[in-house]
Structures are given as structure tokens and as C-alpha cells.
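Residue numbering for the sequence shown follows the numbering used here, beginning at 7 and increasing consecutively.
Taking it in order: structure first as C-alpha cells, then the write-up.
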Amino acid sequence: MANGRLGASSPSADTDTILYTCPASTVATVTVSVARRSSTASEKVRIALMDSTIVGDLANEDYLEYDSTVTEITGIVLSANESIVVRTDAATVSFVAYGFEEAE
7 MANGRLGASS PSADTDTILY TCPASTVATV TVSVARRSST ASEKVRIALM DSTIVGDLAN
67 EDYLEYDSTV TEITGIVLSA NESIVVRTDA ATVSFVAYGF EEAE
């Protein structure tokens, strides 16, 4: 089982991107950190959980943060095959998922 850095992404602006998918037969506890690499640091981010790997199937209730300036979310627990999806309004934002995985 993995631990430490589980995923990282610097997505294009206005693009839903899978940051991390929990493997089959595994549960994970994850923290997502957001780094704004611009001088204004006003970029908005979205962070969502979904139970598939098909980006575009996000519903309103899937979002943990929506057009927010959050810098970190801790204690996200994912079941097997759940994914964390990230999005930003600017290409100057990076996301890192770190934590640990355990067998179910």
C-alpha cells in the first residue's frame, strides 16, 4: 500500500482533472493541498469526490469546495475506486494529494 504523495497535478484552466483514484480493494485517507503560483493568489478552485473515473459526471453534491480560495482539505476518506477531481480558473494552481492507503 502506498503512503506519502499519492497524486499531483497542475491542470489547465477550467478543466476537470482527476488528482487521485483509490485503487480496488483499498481505502485511503488523503489531504489535498493547493498551491497558487501567481502573485495575486486569488485563483478559485473546485475539489470534488466521485465514485467513478468518468470526469463530467459530477453532481452538485459531489463538491467539497466550489469556486473557493481554500488552501488545504484534510481527512478525506475514499473507498475503492473513488476519485478526487480538481479544477481551477487559472493555469497557475497546483494540487497535491498525500496520505495513506490500506487494504479493505
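Virtual Cβ for every residue (Gly too), placed ideally from N, Cα, C.
In terms of residues, what are the limits of the beta strand (DSSP E) holding residue i?
i: Asp73; result: Tyr69 to Ser74
i: Thr32; result: Thr32 to Arg42
i: Asn9; result: Asn9 to Ser15
i: Ala54; result: Val51 to Met56
Any idea which residues DSSP pairs residue i with across the strands?
i: Thr98; result: DSSP output for Thr98 lists no bridge partner at all.
i: Thr27; result: Ser89
i: Gly81; result: None, per the DSSP bridge assignment.
i: Gly105; result: Gly10 and Val36
Quick one, are the C-beta atoms of residue i and residue j less than 8 angstroms apart?
i: Arg52; j: Thr98; result: no
i: Ser48; j: Thr75; result: yes
i: Leu55; j: Glu88; result: yes
i: Thr37; j: Glu78; result: yes
i: Val102; j: Ala14; result: yes
i: Asp95; j: Ala19; result: yes
i: Glu107; j: Ala30; result: no
To the nearest whole angstrom, what separates the beta carbons of residue i and residue j, a pair I think is in contact under 8 angstroms?
i: Gly105; j: Thr46; result: With 8 angstroms as the limit, Gly105 and Thr46 do not qualify as a contact, their Cβ atoms being about 29 angstroms apart.
i: Glu110; j: Thr32; result: 6 angstroms
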